[in-house]
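Notes follow the structure.
There are 2 protein chains.
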Amino acid sequence: MQKDLNEILRAGLEAADPEAAVRRSLELDGDSITSGGESFPARRVFVLSVGKAAGPMAKAAEELLGGRVAGGLVVTKEGYEVPPLRLDALSAAHPEPDEGSVAAARRVTELVGSLGEGDLLLALVSGGASSLLADPAPPVELAEIKELTGALLRSGADIGEINTVRKHVSVLKGGGLVRQAAPARTLALLLSDVVGDEPSSIGSGLTAPDPTTVEEAREVLERYGIEPPQSIGEHLAAAEETPKPGDALFERVTNLVCGGGRQSAERAAERAGELGYRPLLISTSVTGEARGIASVYAAMVREVLETGNPVPSPCALVSGGEATVLVRGDGQGGPNQEFALALALELEGVEGWSAFAADTDGNDGPTDAAGGVVDGTTAGAAREGGVDPRAALAGNESYRALRAAGALLVTGPTGTNVNDLRVALVG
Amino acid sequence: MQKDLNEILRAGLEAADPEAAVRRSLELDGDSITSGGESFPARRVFVLSVGKAAGPMAKAAEELLGGRVAGGLVVTKEGYEVPPLRLDALSAAHPEPDEGSVAAARRVTELVGSLGEGDLLLALVSGGASSLLADPAPPVELAEIKELTGALLRSGADIGEINTVRKHVSVLKGGGLVRQAAPARTLALLLSDVVGDEPSSIGSGLTAPDPTTVEEAREVLERYGIEPPQSIGEHLAAAEETPKPGDALFERVTNLVCGGGRQSAERAAERAGELGYRPLLISTSVTGEARGIASVYAAMVREVLETGNPVPSPCALVSGGEATVLVRGDGQGGPNQEFALALALELEGVEGWSAFAADTDGNDGPTDAAGGVVDGTTAGAAREGGVDPRAALAGNESYRALRAAGALLVTGPTGTNVNDLRVALVG
Chain A
262 MQKDLNEILR
272 AGLEAADPEA
282 AVRRSLELDG
292 DSITSGGESF
302 PARRVFVLSV
312 GKAAGPMAKA
322 AEELLGGRVA
332 GGLVVTKEGY
342 EVPPLRLDAL
352 SAAHPEPDEG
362 SVAAARRVTE
372 LVGSLGEGDL
382 LLALVSGGAS
392 SLLADPAPPV
402 ELAEIKELTG
412 ALLRSGADIG
422 EINTVRKHVS
432 VLKGGGLVRQ
442 AAPARTLALL
452 LSDVVGDEPS
462 SIGSGLTAPD
472 PTTVEEAREV
482 LERYGIEPPQ
492 SIGEHLAAAE
502 ETPKPGDALF
512 ERVTNLVCGG
522 GRQSAERAAE
532 RAGELGYRPL
542 LISTSVTGEA
552 RGIASVYAAM
562 VREVLETGNP
572 VPSPCALVSG
582 GEATVLVRGD
592 GQGGPNQEFA
602 LALALELEGV
612 EGWSAFAADT
622 DGNDGPTDAA
632 GGVVDGTTAG
642 AAREGGVDPR
652 AALAGNESYR
662 ALRAAGALLV
672 TGPTGTNVND
682 LRVALVG
Chain B
262 MQKDLNEILR
272 AGLEAADPEA
282 AVRRSLELDG
292 DSITSGGESF
302 PARRVFVLSV
312 GKAAGPMAKA
322 AEELLGGRVA
332 GGLVVTKEGY
342 EVPPLRLDAL
352 SAAHPEPDEG
362 SVAAARRVTE
372 LVGSLGEGDL
382 LLALVSGGAS
392 SLLADPAPPV
402 ELAEIKELTG
412 ALLRSGADIG
422 EINTVRKHVS
432 VLKGGGLVRQ
442 AAPARTLALL
452 LSDVVGDEPS
462 SIGSGLTAPD
472 PTTVEEAREV
482 LERYGIEPPQ
492 SIGEHLAAAE
502 ETPKPGDALF
512 ERVTNLVCGG
522 GRQSAERAAE
532 RAGELGYRPL
542 LISTSVTGEA
552 RGIASVYAAM
562 VREVLETGNP
572 VPSPCALVSG
582 GEATVLVRGD
592 GQGGPNQEFA
602 LALALELEGV
612 EGWSAFAADT
622 DGNDGPTDAA
632 GGVVDGTTAG
642 AAREGGVDPR
652 AALAGNESYR
662 ALRAAGALLV
672 TGPTGTNVND
682 LRVALVG
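From first to last, the protein sequence lines stand for chains A and B.
For the working numbering, add 261 to where a residue sits in the first sequence, where the first one is 1.
For the working numbering, add 261 to where a residue sits in the second sequence, where the first one is 1.
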């Protein structure tokens, strides 16, 4: 089973590989590109790749499109690898924007502003794009955007709320990019790092209709008691709405999620099927406390073993999404390790199952492990290794307990990030 | 969907009805009884019915067996209804035993001690039997048992740990009853109120092999720092082991779970199928924090709506087990109401689903509601009713929020108790 779990994890990660994701989503066919069953003009293609995976995504596009690429730009996070490219590559700061982000946004605005009828903008968007492009709507300045972003990050506002505000103080976000790119057509390939893979949430929705409103942006600031810098307050009082779902603008725009938690979990389930396990894809958007999710998994594994519900064994219980940890102690760990440890404890001594939970970026919480791989012997192995697994769980010390049990899952950096993947094999 | 949910709940409750459970488990056939595919001698049947459902279970047995009943006894909780019966009925205290419990245990010991070869003991066991029969092993006295039970209930020990101790200071528990009844055969019909329906855990396992040991009973007391009364300490130091799994004694004993969480959830799933929903029985033993379980349910409902995983709609996501509430506020509610409110919030505004969660005894937590019935409009209805549902959830005020939304599920006392039942319909 351990070997099968490894293969299933590898398949899930490959489905989220940025280069592969672009490669399987584009096909050059004479003067046009086929993508997602649709056809796009490919006489003059401008490639704009922004985000933490911008380098490998741009590389795949260059290789596929060759001489059709008439221009473009790559913007990624400082220190992130960019393979040799013909396109210009810039870098900027993340998670808080810097002057590089302003320069990058300026270059992007120039690029898309120069496009004409018959051109195609191929936008390759991955996580981090929000910060990498700092495009304050005049008269707002970078310093004020930074002040606002910092206040939002500290306030307890969730990422959806933060992005609602960001979209309404920016030129390019919340669909602004495609407004600038018109009359050119836009094909956007999105590599999703958000649960649910909603295009308007990936990279602040550069290419997607924005369901949020200026009014909602103002409400977020009120809700968290944030007094914005004067220029931002003035801008929000009079801001133009971002383009909304149904806007005619989007007749020229196609958004396609080319990789994300869904593809990763679906491919993991499919690979499990190829290996002889009946796959049950529970959900690709499981959120909530890691221990609660582990309780439900434990109950399902028990039920499979006892009655063959919800699916007969041999089977694979697969889910994606993003778990959280309710911090009770000051131990080291992450949601995937906490899930794995909790599951190992609930099913201690039970034979016939094995499971992993992994953060697909290779780092679960602030640790060098991606997660854990556990079975009915793990809790005992932790004890033999000198760590009481129950006390470790109570103190959020999942890393220590799994390490003692030899149950850490270490992948190193994977080059992608599509949240968590959990697979339990029973049979 | 509301109507379908009602029908599914009713079917789940009927499957756990004590009288019906006995009725469908016994068949009189000339000089023998057939039960669970096995045949038992029915020339002289002694009926012993103990627990909160003892009255209705005994009534069903009397009606089915008529003149074959040669004697017996019914022991139930004070104030609980006992229908007119030919058998003697006693009552005793619950959850802490009293003198009535001692008298009842004495009568039971006399009864089973008088049985001979060829007799059948039909034991009907339901929840509460532990307390209703106080059978201290000499030299232990009732007062000492009460002191011990009180200390255990206050210590934070779980019900499994409490019963491990109880079994080792008792004559009848942990299989002691059938040891006394030999050489008669025993057919035990168990109405389960414990998650997982393990016979050794139902009513302290009067008729089941006991996997726990005297040593473990001593460890429980140590773990919670309980200094037992002297007589109990002395007894535990020298106590005889209870009969263990594999003991030849159990060749004369058949334990059959005639009703419980499993049957209830399975019947609910089956009824959903009859109403046109593809049933997915997630598990009959889901435990853990109510909000975590709600997160997983919400993720599954979203997935069904978006991709038809884990089952295509129209479908029913069914589970049993027993949720807990992590107390953060001092509001009124229970685990089923908390689950329902959390689900309503996570899926606010989402159409095409409806769900209930109910404690099958009709009382969720210390409230007069069994649980809640919710859909995508519930959170908004609570707001219109003057209660902020998110603040209510944070303060464990699920009762108040669901009442404001008109989403309380009120059944009144159901006459049975097989833990929680949760059903979400999507389609």
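Every residue gets a Cβ at the ideal spot worked out from N, C-alpha and C, and that includes glycine.
What does residue i touch in chain B if you count any residue whose Cβ is under 9 Å from its own?
{"i": "R552 (chain A)", "result": "G549, E550, G553"}
{"i": "N657 (chain A)", "result": "Here the premise fails: no neighbours, minimum Cβ distance about 15 Å."}
Determine the extent of the alpha helix (DSSP H) in which residue i is found, giving its start and end residues.
{"i": "F511 (chain B)", "result": "Element bounds for F511 (chain B): n/a, residue is neither H nor E."}
{"i": "S300 (chain B)", "result": "That residue, S300 (chain B), is in no alpha helix (DSSP H); its beta strand (DSSP E) goes 299-302."}
{"i": "G553 (chain B)", "result": "551-568"}
{"i": "D681 (chain B)", "result": "From DSSP, D681 (chain B) is part of no alpha helix (DSSP H) but of the beta strand (DSSP E) over 681-687."}
{"i": "A652 (chain A)", "result": "650-655"}
Look at the Cβ atom of residue i, then the Cβ atom of residue j, and state whether they are nearer than 8 Å.
{"i": "P596 (chain A)", "j": "D622 (chain A)", "result": "no"}
{"i": "S293 (chain A)", "j": "S286 (chain A)", "result": "no"}
{"i": "T468 (chain A)", "j": "A390 (chain A)", "result": "no"}
{"i": "H355 (chain A)", "j": "S392 (chain A)", "result": "yes"}
{"i": "A277 (chain B)", "j": "V679 (chain B)", "result": "yes"}
{"i": "P279 (chain B)", "j": "S387 (chain B)", "result": "yes"}
{"i": "G537 (chain B)", "j": "G613 (chain B)", "result": "no"}
{"i": "V684 (chain A)", "j": "V579 (chain A)", "result": "yes"}
{"i": "L207 (chain B)", "j": "G340 (chain B)", "result": "The structure shown does not extend to residue 207 (chain B), since chain B spans only 262 to 688, so no value can be given for it."}
{"i": "G273 (chain B)", "j": "R528 (chain B)", "result": "yes"}
{"i": "E405 (chain A)", "j": "I493 (chain A)", "result": "yes"}
{"i": "V586 (chain B)", "j": "N516 (chain B)", "result": "no"}
{"i": "M561 (chain A)", "j": "S659 (chain B)", "result": "no"}
{"i": "V336 (chain A)", "j": "A365 (chain A)", "result": "yes"}
{"i": "L690 (chain B)", "j": "A321 (chain B)", "result": "Past the edges of chain B, shown from 262 to 688, lies residue 690 (chain B), and the structure says nothing about it."}
{"i": "G327 (chain B)", "j": "L372 (chain B)", "result": "no"}
{"i": "G464 (chain A)", "j": "R552 (chain B)", "result": "no"}
{"i": "A616 (chain B)", "j": "L604 (chain B)", "result": "yes"}
{"i": "C576 (chain A)", "j": "R539 (chain A)", "result": "yes"}
{"i": "E554 (chain B)", "j": "V481 (chain A)", "result": "Looking at the sequence shown, residue 554 (chain B) is not Glu but Ile. Cβ distance not < 8 Å, so I554 (chain B) and V481 (chain A) don't count as in contact."}
Mind checking residue i: buried by the 16 CB within 10 Å criterion, or exposed?
{"i": "P358 (chain B)", "result": "buried"}
{"i": "A630 (chain A)", "result": "buried"}
{"i": "Q491 (chain B)", "result": "exposed"}
{"i": "A414 (chain B)", "result": "Ala is not the amino acid found at residue 414 (chain B); the sequence shown has Leu there. The residue in question, L414 (chain B), is exposed, as its Cβ has fewer than 16 Cβ neighbours within 10 Å."}
{"i": "K313 (chain A)", "result": "buried"}
{"i": "D704 (chain A)", "result": "What is shown of chain A runs 262 to 688, which leaves residue 704 (chain A) out entirely."}
{"i": "Q524 (chain A)", "result": "buried"}
{"i": "S375 (chain A)", "result": "exposed"}
{"i": "V565 (chain B)", "result": "buried"}
{"i": "Q598 (chain B)", "result": "buried"}
Residue i versus chain B: which residues are under 7 Å apart at the beta carbon?
{"i": "T545 (chain A)", "result": "E564"}
Identify the contact partners of residue i in chain A, using a Cβ-Cβ distance below 8 Å as the criterion.
{"i": "S556 (chain B)", "result": "V547, T548, G549, E550, G553, I554"}
Listing by chain order, which chain A residues have their CB less than 7 Å from the CB of residue i?
{"i": "M561 (chain B)", "result": "I543, S544"}
Which residues mark the beginning and the end of the beta strand (DSSP E) in which residue i is found?
{"i": "K338 (chain A)", "result": "330-338"}
{"i": "E288 (chain B)", "result": "288-290"}
{"i": "R446 (chain B)", "result": "446-452"}
{"i": "I254 (chain A)", "result": "Within the shown structure, residues of chain A are numbered from 262 to 688, placing residue 254 (chain A) beyond reach of any answer."}
{"i": "A384 (chain B)", "result": "380-386"}
{"i": "D620 (chain A)", "result": "614-620"}
* For the stretch 570-598 of chain B, enumerate the residues whose C-beta is nearer than 7 Å to any C-beta of chain A, in chain order. => N570, P571, G582
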